[in-house]
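>
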Amino acid sequence: MIGLLDNEQGRAALAGMIRGIEREALRIEPSGHLATDKHPKALGAALTNSRITTDYSESLLEFITPVYQDIDALLTDLTQTHAFTVRYLGEQQLWPVSMPCYVGDVADIPIADYGSSNTGKLKRLYRKGLTYRYGAQMQIISGVHFNFSVSDDLWQKLYQVSDKRLSLGDFISESYFGLIRNYRRLVWVLPYLFGASPALCSSFIKDQKTDLAFEKLGKGTLYLPYATSLRMSDLGYTNKEQERLNISYNSLGEYLSGINAAIKMPSAHFEEIGVKVDGEFRQLNSNVLQIENEFYSPIRAKRVTQAGEKPSQALARAGVEYIEVRALDVNPFSPVGIEAYQVRFLDLFLLYCLLTPSPKSDAQDEAAISENLNRVITHGRQPGLTLCKAGDEIGLKDWLESLFGELETLAKLLDGEEDAYQQSLAHWYEAVQDPAKTLSGRVMSALMAKGVDHSLWVKELAKEYYHALLDYPLSPKVASDYEAAAEQSLQDQAQLEAESVQDFEQYLADYFAEAPQPIEQVV
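Laid out in structure tokens, this is it:
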């Protein structure tokens with residue numbers, strides 16, 4: 001398939017990728033402790049500001065870019081959003097890693113507040129349910145999400161050489177699910193290269209039971225010598241209840257059936273929490289998933305929703321529009337959590353997953369996917385580490401060598417007379433040859449060289465990036481646009497609250513009705 005694109009038109013079709021980034025970051029006090037005050041009003045209303053919002057907590061900011069074809073423009077936009085934000089944080093800074101800063105009492109972690117409208121209440125109650133189900137500590141882990149789609153021209157070219165048994169729209173959805181299956185088989189590559197959470201503050205563990213054989217550094221740092229991404233381990237975004245869902249990625253129809261079954265599947269464990277206790281709601285419902293957004297996955301099929309649609313309803317209506325990569329730690333060596341070398345590698349990686357044959361997954365395949373990911377998360381930099389490929393054990397390095405050889409073909413197609421993609425590939429190939437050059441390896445090298453606690457090292461980074469972003473030359477026009485968007489978002493929230501007259505319990509009943517209702521989706 002890749003060979004068919006080795007011409008001027010094919011290269012142009014490949015280059016038409018569109019990307020967006022969502023970056024999460026905790027607000028911290030200069031002491032390095034979690035900031036527990038309200039979301040700054042100068043940044044607008046988190047409910048209605050499309051660029052600067054909150055995730056789980058008032059303290060957990062989320063920066064969202066529009067979509068861009070140009071990588072430099074994408075990262076400039078993300079940087080400008082950061083630069084605007086820090087101007088309104090006072091002395092507070094942004095925590096530049098995935099695993100949280102010091103938290104004394106988890107009860108002090110403030111759940112995000114979205115105001116008095118029914119939409120705002122629903123978003124807050126969903127997060128309250130997450131607190132009861134998994135604890136607040138897990139919910140303030142930060143990540144970077146990468147949204148990706150390919151050009152219409154590329155879809156036309158791929159469709160023309162297909163057997164045309166499907167409509168173009170169904171072909172696109174089927175192809176994106178092929179990408180997803182290949183991505184899941186190779187997802188371990190991302191924590192190997194980009195995992196940046198091999199260590200954490202011991203305050204994160206508290207009373208949590210773990211089988212991980214942590215070693216200690218300094219006064220309060222726990223680490224695994226060869227770990228890559230503790231964020232993706234059992235300490236991070238995991239949900240034992242979801243292990244029985246068995247959601248299939250073999251087709252859009254099977255995926256939607258699985259999701260719809262999951263949001264109706266009762267959970268005895270979550271039922272013990274109670275839905276409404278002593279007149280107060282604790283969660284949206286007691287099912288395995290309160291809503292489909294609760295399904296934890298390192299990749300999602302997505303479509304922009306219309307008013308009243310849930311994500312699965314949008315997919316059912318018009319198929320897959322783009323995919324969302326969710327396996328990325330915050331890069332501590334970038335003020336904005338991600339850098340151009342990573343974006344270009346992700347382009348190559350995702351195109352490879354799209355253009356390579358992708359057989360349907362079975363139970364054996366799923367077991368290997370899970371085992372490989374777990375090995376890399378906890379032991380990814382261990383010399384001689386092996387993974388399971390097609391039923392056989394293969395060296396991680398050997399598998400990467402083979403993959404990088406195939407990615408090089410794509411890099412040359414995308415570069416033309418330039419060499420940006422080949423440079424990116426060469427940059428990460430050094431990490432294949434030397435695990436110390438992965439992001440997790442660089443984190444551990446920095447900690448060992450300085451002999452300091454993880455939190456002290458991160459606090460110094462936070463301070464450095466804070467001043468760099470304050471000094472960023474944000475133009476008056478750009479600053480004015482952000483200010484106008486913030487002000488408009490406050491007005492939009494006020495209008496929502498004025499129009500929100502329906503009883504909240506009836507609103508909930510309407511939201512969970514089978515037919516789409518004219519209410520906003522919850523994220």
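Each residue of the sequence shown is one higher than the one before, counting from 1 in full-length UniProt numbering.
Every residue, glycine too, gets a C-beta built ideally from N, C-alpha and C.
Because the structure is a prediction, the values reported are computed rather than measured.
1) Could you tell me the alpha carbon to alpha carbon distance between V478 and L94, rounded to whole angstroms?
2) Quick test of the definition: if touching needs 3 or more C-beta pairs under 8 Å, does the stretch 179 to 191 touch the stretch 246 to 261?
3) Does the beta-carbon distance from L348 to V144 come in below 7 Å?
4) Can the beta-carbon of I377 be found less than 7 Å from the beta-carbon of L387?
5) When the Cα atoms are used, what is the spatial distance from Q495 to L47?
6) Closest to P335 by C-alpha separation, out of T54, L439, H82, A316, would be which residue?
7) Give me the Cα-Cα distance between A316 and L396, rounded to the nearest whole angstrom.
8) Mind checking which residues open and close the alpha helix (DSSP H) that includes S370?
9) Identify the continuous alpha helix (DSSP H) that holds D415 and give its terminal residues.
10) Which residues bound the beta strand (DSSP E) around V343?
11) Quick check: the Cα distance between A199 and P96, rounded to an integer number of angstroms?
12) Once DSSP output is grouped into helix, strand and coil, what is the label at H39?
13) Identify the residues that DSSP records as bridge partners of L26: which are they?
14) Are the beta-carbon atoms belonging to E292 and P311 less than 7 Å from one another?
15) Starting from A112, follow the alpha helix (DSSP H) in both directions and report where the run begins and ends.
16) CB S402 to CB F345, shorter than 7 Å?
17) Just the Cα atoms here: how many angstroms apart are Q26 and S57?
18) Quick one: Cα of A196 to Cα of F148, how far?
19) Considering only the beta carbon of each residue, do L355 and L14 sit closer than 7 Å?
20) What runs of the alpha helix (DSSP H), each 4 residues or longer, lie entirely inside the stretch 232 to 296?
21) Express the C-alpha separation of E309 and Q521 in angstroms, rounding to a whole number.
22) Return the Cβ separation of D510 and G319 in integer angstroms, given the expectation that the two are a contact with Cβ distance under 8 Å.
23) Around the Cβ of N246, are there at least 16 other Cβ atoms within 10 angstroms (buried) or fewer (exposed)?
24) In this structure, does DSSP put Q139 in helix, strand or coil?
25) With C-beta atoms as the reference, is T54 less than 7 Å away from H33?
26) Is K123 near Y114, with beta carbons less than 7 Å apart?
27) Thinking just about the alpha-carbon of each residue, which of Y132, S162, M138, P191 is nearest to the one in L373?
28) I'd like to check one pair, Y132 with R282: are the Cβ atoms closer than 7 Å?
29) Using C-beta distances below 7 Å, list every residue in its chain close to L474, excluding the 5 sequence neighbours before and after it, in chain order.
30) Which same chain residues end up closer than 6 Å to K302 when comparing Cβ atoms and leaving out the 5 residues on each side of it in sequence?
31) Given W428, which residues of its chain have a CB within under 6 Å of its CB, disregarding the five upstream and five downstream residues?
32) According to DSSP, is E309 helix, strand or coil?
By the coordinates alone:
1) 21 Å
2) yes
3) no
4) no
5) 12 Å
6) H82
7) 38 Å
8) 363 to 379
9) 396 to 415
10) Unbroken run through V343 is the alpha helix (DSSP H), 340 to 355; no beta strand (DSSP E).
11) 14 Å
12) coil
13) L60
14) yes
15) Premise fails: A112 is in no alpha helix (DSSP H) and is neither H nor E.
16) no
17) Position check: residue 26 holds Leu in this sequence, whereas Gln was assumed. Going from the Cα of L26 to the Cα of S57 covers about 9 Å.
18) 22 Å
19) no
20) 252 to 262, 268 to 271
21) With a pLDDT of 47 at Q521, under the threshold of 50, the predicted position of this residue should be treated as unreliable, and no value is reported.
22) Actually they do not touch by this definition, with Cβ atoms about 26 Å apart.
23) exposed
24) helix
25) no
26) yes
27) P191
28) yes
29) Q80, A83, F84
30) Y322, E324
31) L193, F345
32) coil
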